[in-house]
Structures are given as structure tokens and as C-alpha cells.
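Enquirer: Below: one structure in C-alpha cells.
In this note's numbering, the protein residues as written are 106 to 263.
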């Protein structure tokens, strides 16, 4: 969306207005709002307001997992990154692994192509891939049903 493009260009106030407008229009029309919520979550994460980002990601994830929309993979990844910043390394790793597994299941390239910046945004906040606790948890998240891992994570965020 244009709001996401403005965010990536650093025009954060305009990005916020565009994303909030898109969210309001979609909600008024009874259309899905997950993509706009995801964009607002990324904007909040870029600004360092992790609680706001988490709230947007949770709302987007709840909506997107019902339809297995690709935005679910990024919302889960965003929450994983925030959990890592909170020191919840095992929870972050399981959710990160689940987001990757879900992407594979729906035929989506996680962090690939035009969405590479999205993956990098979250990876910058995660522990190093060779962190033992994180790597073990990622493997666990990839081995299980991603929806179960996501539901478990969401239950700790309510």
C-alpha cells in the first residue's frame, strides 16, 4: 500500500495517516483490515513503540489466521521480534519458527522479493541464529502446527 511505501521511505506521519485512513475505510466497508493493521504495527515498531506494535500485530494476526492470509506470517514474525526484545527468547523462537512454517504451507516466500525489508525488520530484533535457546525454539515452532503455536502465543498476550 502507499502507506507502507511512505513508511519505508521514512515519511512516517504521512504513512500513519494513509494506513489509518485505509483501516477506517476497510472497516466501514466491512472489508478485511489485517493488512492495514500489519502496516500500522510495522510503523509502530519502526518508531520503537512496541506495545502499540504488538496490539496492531495481535489484531491483524487474529483476523489473518482465520483466512491463512500471508499477512499472518508477518504479524506472527512481528510479535516474535517483540517477544525477543522482552527477553522471551523461547516464545519468540517458537513463534518465529511457526511463522516460517505457515509461510511455507501457504506457498508464500517469507521475507522474499519485495517483502525482504519486512523480514529484515524483524530479524534485526531477534537473537542470533546460533543462539542455542532461540535455535531450539525455532526448530520446535517449525515442527508443530503453526496455528497451535500462534494460538498459544496469543493466549499469553491477552
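Just so you know, even glycine gets a beta-carbon here, dropped at the ideal spot from N, CA and C.
Is it true that the CB of residue 169 sits closer than 9 Å to the CB of residue 177?
Expert: Sequence index remark: in the chain shown, residue 177 carries index 72 (1-based). Sequence index remark: in the chain shown, residue 169 carries index 64 (1-based). In this structure, residue 169 lies closer than 9 Å to residue 177 by Cβ.
Enquirer: Could you check if residue 121 belongs to the surroundings of the ligand SAM, using beta carbon to heavy atom distance under 8 Å?
Expert: Of the ligands one can find in the structure shown there are none, so the ligand SAM has no counterpart to examine.
Enquirer: Would you please state the rounded distance, in angstroms, between the beta carbons of residue 181 and residue 200? I believe it to be under 8 Å.
Expert: Residue numbering aside, residue 181 sits at position 76 when the chain shown is read from its first letter. Residue numbering aside, residue 200 sits at position 95 when the chain shown is read from its first letter. About 6 Å separates the two Cβ atoms, so the contact holds.
Enquirer: Where does residue 138 fall in DSSP's three states?
Expert: Mapped onto the chain shown, residue 138 falls at position 33. Three-state DSSP puts residue 138 in coil, outside helix and strand.
Enquirer: Report the option in 243, 128, 253 whose CA atom is closest to the CA atom of residue 197.
Expert: Position 92 of the chain shown, counted from the start, is the residue given in the question as residue 197. It is 243 whose Cα lies nearest to the Cα of residue 197.
Enquirer: Count the other C-beta atoms from every protein chain shown that fall within 10 angstroms of the C-beta of residue 140, then say buried if there are 16 or more, exposed otherwise.
Expert: One-based indexing of the chain shown puts residue 140 at position 35. Buried: at least 16 other Cβ atoms inside 10 Å.
Enquirer: I need the straight-line Cα distance from residue 249 to residue 227, nearest angstrom please.
Expert: Position 144 of the chain shown, counted from the start, is the residue given in the question as residue 249. Position 122 of the chain shown, counted from the start, is the residue given in the question as residue 227. C-alpha separation (whole angstroms): 21 Å.
Enquirer: When the Cα of residue 120 is compared with those of 111, 188, 127, which residue comes out closest?
Expert: Within the chain shown, numbered from 1, the residue matching residue 120 stands at position 15. Of the listed residues, the one whose Cα sits closest to residue 120 is 111.
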